[in-house]
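Residue 52 is where the sequence shown starts when you use my numbering, and the numbers rise one by one after that.
Every residue, glycine too, gets a C-beta built ideally from N, C-alpha and C.
Computed from a predicted structure; not experimentally measured.
This report concerns only the one structure given below.
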Amino acid sequence: MSANLPAAVVVLAAGEGTRMKSKTPKVLHDICGRSLVGHVVAASRELDPQHLVVVVGHESERVTAHLTAGDTPVRTAFQAEQNGTGHAVRIGLEALDGVVDGTVVVVCGDTPLLSGATLTALVSAHSTDGNAVTVLSAEVPDSTGYGRIVRDPADGSVTEIVEHKDATDAQRAIREINSGVFAFDGRLLTDALGKVRTDNSQGEEYLTDVLSILREAGHRVGASVAGDHREILGINNRVQLAQARALLNERLLERAMTAGVTVMDPASTLIDATVTFERDAIVHPGTQLLGTTHLAEDSEVGPNSRLKDTTVHPGARVDNTVADGAEIGPGATVGPYAYLRPGTRLGTRSKAGAYVEMKNAVIGEGSKVPHLSYVGDATIGDHTNIGAASVFVNYDGEKKHHTTIGSHCRTGSDNMFVAPITLGDGVYTAAGSVITKDVPAGSLAVARGQQRNIEGWVARKRPGSAAAQAAQAATKKSDGES
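Put into C-alpha cells, the structure is as follows:
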C-alpha cells in the first residue's frame with residue numbers, strides 16, 4: 052500500500068443533531084443529491100482507503116440502511132452511547148479489529164463541503180512531515196467560538212488546540228482553527244485512545260486529548276491548512292444546511308462550466324453532485340438537474356425544466372419540462388409543458404410536444420406526439436404522427452395494458468386507444484374515434500357515431516335565448532340572401 056493511501060477512514064456520524072429539529076437524523080439530510088454523510092463518504096473514497104467505516108448511533112438502523120444500500124455498501128460500527136469523539140473512534144477501530152497499521156483519517160459526517168482533494172493534501176502532509184497526527188485546519192475570517200491552532204514558532208508544529216473560552220487575548224487573535232478532521236498514525240492512535248481520560252465536565256472521551264498525549268510522548272503534531280475554509284463547515288441547523296447547499300451548488304456549476312457547459316443563469320440553476328455532462332450542453336434559467344441526469348454534447352435544457360435520472364442525448368432540446376427516469380434521443384424535442392415519467396424513451400428526432408404526458412412509452416425515430424395527449428404503456432414505431440388530444444387508455448381499474456402502434460401511422464385528433472390493442476404499420480384513424488380492436492396494416496379505422504342534425508331544436512327547446520335569437524337572425528339573413 053502506498054504511503055499516501057490511508058489504511059482506514061473513520062467517519063463520525065453517531066450524533067443526534069437536535070438543532071436540526073427534525074425526525075430525520077442530521078446526517079441523512081440531503082443537499083445536492085446526496086445525504087450529508089453521503090458527501091463525506093464520497094470524498095473519503097477518493098483517498099482509496101483500505102478500510103472505510105462509519106460510526107453510527109442515533110437512529111442507527113435508518114443510517115445503516117442508507118449506507119448499506121446500493122452497489123457500494125459502507126461498513127458501519129454501532130456506538131450505543133455517545134461518550135465522546137474519542138470513544139467513537141475507538142468503536143470504529145474495534146470494527147476493524149482494533150489496531151490499524153498505517154494512516155487513519157478521522158472525518159465528521161456532517162461536513163458535506165469537504166473535498167477529496169483536501170483530504171488527499173492532509174494525508175500527503177501527514178506522510179511528508181512524519182507526524183504522529185496531523186490536524187486539518189483552516190484560516191477563517193472570524194474565529195470566534197472555534198478551537199485555535201497554536202503553533203511552535205520554530206518549526207511550525209502544533210503545540211496545542213485552545214478552545215475559545217480558554218484562550219488568551221493573543222490566542223483569540225489567531226485565525227487558524229481546528230476542523231475536527233485528523234490524520235493519525237494508526238498504531239499510535241490505538242495506544243493513545245487507551246489513555247484518554249473522562250475527567251472533564253462532560254465525562255466523555257475527547258479525541259483532541261490524543262494530540263496532547265502523543266506530543267507529551269515526544270511525537271510531532273502538525274497541521275495542514277485547507278485551501279478554502281468553507282470546506283470544513285459543519286451542519287447543525289437548517290440555516291447552515293441551506294448555506295452549504297448554495298455553496299456546493301456553486302461549486303458544482305463552476306465544475307460544469309469549466310468543462311464546457313453553458314449555464315445561462317447560475318443563480319437560478321440547481322444541480323446535483325451526481326449529474327454528468329458533455330461539452331457544449333446549454334442550460335437555460337430556472338432549471339434543476341437532479342440524480343443521475345446526463346446532458347450530452349450540444350443538448351439544450353430549459354428554461355424552467357426539472358430533470359431527474361434522465362439522459363438527454365446529443366442535440367436534443369428540452370423546454371419547460373418535468374422528466375423523471377426518461378431517455379431523450381438524439382435531436383429529439385420535448386415541450387413546452389411536457390411531463391415524461393419513468394420508462395419513457397424518445398427515439399432520434401422524435402417529439403413530445405406541448406402538454407404531453409408520457410409514461411413507460413417507447414417512441415420511435417421521427418415519430419411525433421405534438422400536443423395535448425397522454426401516452427402510457429405504449430410502443431410507437433418510426434415516423435408516426437399521433438393526433439392532438441389523444442389518450443392511450445391503459446388502465447382498466449386493476450391492471451395496466453399495452454398499446455402498440457406501428458410505423459408510418461397517422462392517427463386522428465381526439466382518439467382513444469383502449470389497451471390492449473395493436474395498430475399495424477401504415478394505419479390511419481379518423482378523428483374522434485375510440486379504437487377498441489386491432490387495426491391491420493394499411494387500414495383506415497373509423498370508430499364513432501354517425502352525425503345527426505336536428506333542425507329547429509334551439510328555437511323549440513331554448514326559445515328567447517341568445518342562441519335562438521342568433522339562429523333566427525342567421526336564418527333571416529340566409530333567406531334574404533337567397
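Look at the alpha carbon of residue i and the alpha carbon of residue j, and state the distance between them as a whole number of angstroms.
i	j	result
aspartate 161	threonine 384	41 Å
serine 111	threonine 473	52 Å
leucine 340	arginine 302	14 Å
alanine 519	aspartate 530	16 Å
serine 53	histidine 90	Residue confidence for serine 53 is low, a pLDDT of 48 falling below 50, so the modelled location carries little weight; the figure read from the coordinates is stated next. Computed Cα separation, rounded: 24 Å.
valine 442	aspartate 279	55 Å
serine 424	glycine 500	22 Å
glutamate 97	alanine 189	21 Å
leucine 299	alanine 293	10 Å
aspartate 370	leucine 346	14 Å
glycine 231	glycine 366	47 Å
histidine 109	serine 86	16 Å
valine 156	aspartate 236	9 Å
asparagine 182	leucine 103	22 Å
valine 125	threonine 325	18 Å
glycine 84	valine 140	28 Å
alanine 405	alanine 439	10 Å
threonine 154	proline 163	22 Å
aspartate 17	arginine 113	Outside the displayed span of the chain (52 to 533) sits residue 17, for which this structure offers no information.
glutamine 253	glutamate 214	15 Å
aspartate 99	serine 356	36 Å
threonine 115	aspartate 360	24 Å
leucine 63	arginine 202	26 Å
isoleucine 505	lysine 527	19 Å
leucine 165	isoleucine 225	22 Å
alanine 470	alanine 377	22 Å
glycine 394	cysteine 159	38 Å
isoleucine 82	alanine 429	35 Å
aspartate 349	serine 458	28 Å
lysine 410	alanine 120	27 Å
valine 60	leucine 258	15 Å
DSSP has residue i in a bridge; who is on the other side?
i	result
glutamate 351	Ile333, Arg368
cysteine 83	Partner(s): none; cysteine 83 has no beta bridge.
cysteine 159	Leu63
alanine 128	Val106
serine 188	Asn229, Val276
tyrosine 390	Val373, Glu408
leucine 341	Lys359
leucine 298	Partner(s): none; leucine 298 has no beta bridge.
leucine 262	For leucine 262, which the question treats as bridged, DSSP gives no partner whatsoever.
glutamate 378	Thr362, Arg396
isoleucine 322	Leu340
valine 36	Since the first residue shown for the chain is 52 and the last is 533, residue 36 is missing from the structure and cannot be characterised.
valine 590	It is not possible to answer for residue 590, since the shown part of the chain is limited to 52 through 533.
threonine 327	His345
threonine 154	Asp236
valine 385	Val369, Ala403
Closest by CA to residue i, which one among the options?
i	options	result
glycine 398	Val497, Gly386, Val363	Val363
valine 191	Val276, Ala218, Tyr446, Ala324	Val276
leucine 495	Ala482, Arg503, Gly507	Ala482
threonine 435	Val444, Ala403, Lys451	Ala403
aspartate 5	Leu103, Val104, Leu239	Lying before the first or after the last residue shown, residue 5 is absent from the chain, which here runs from 52 to 533.
isoleucine 200	Gly273, Tyr388, His459	Gly273
serine 95	Gln130, Gln291, Leu56	Leu56
valine 105	Ala65, His80, Thr136	Ala65
lysine 216	Gly196, Ile225, Asp203	Gly196
aspartate 489	Asp331, Thr455, Asn504	Thr455
glycine 477	Asp349, Arg461, Glu506	Arg461
leucine 187	Asp193, Ala168, Asp203	Ala168
leucine 358	Pro381, Glu256, Thr320, Glu329	Thr320
arginine 289	Thr69, Gly386, Val150, Ala172	Thr69
glycine 380	Tyr388, Ser401, Tyr390, Gly386	Ser401
>> When you compare the stretch 130 to 148 with the stretch 71 to 80, are there three or more beta-carbon pairs, one atom per stretch, that lie closer than 8 Å?
In response: no
> Could you give the uninterrupted runs of the beta strand (DSSP E) lying entirely in the stretch 441 to 478, keeping only those of 3 residues or more?
Replying inline: 442 to 444, 454 to 456, 467 to 469, 472 to 474
>> Which runs of the alpha helix (DSSP H) at least 4 residues long sit entirely within the stretch 469 to 532? Give them in chain order.
In response: 508 to 512, 517 to 532
> Counting pairs of Cβ atoms below 8 Å between the stretch 244 to 257 and the stretch 198 to 213, do you hit three or more?
Replying inline: no
> Which ranges would you report for the alpha helix (DSSP H) in the stretch 396 to 438 if only whole runs of at least 4 residues count?
Replying inline: none
>> Three Cβ pairs or more, each shorter than 8 Å: is that satisfied between the stretch 312 to 329 and the stretch 247 to 258?
In response: no
>> Just to confirm the assignment: which complete alpha helix (DSSP H) runs, minimum length 4, are found wholly within the stretch 203 to 260?
In response: 220 to 223, 237 to 244
> Do the stretch 459 to 467 and the stretch 482 to 492 make contact, defined as three or more Cβ pairs closer than 8 Å?
Replying inline: yes
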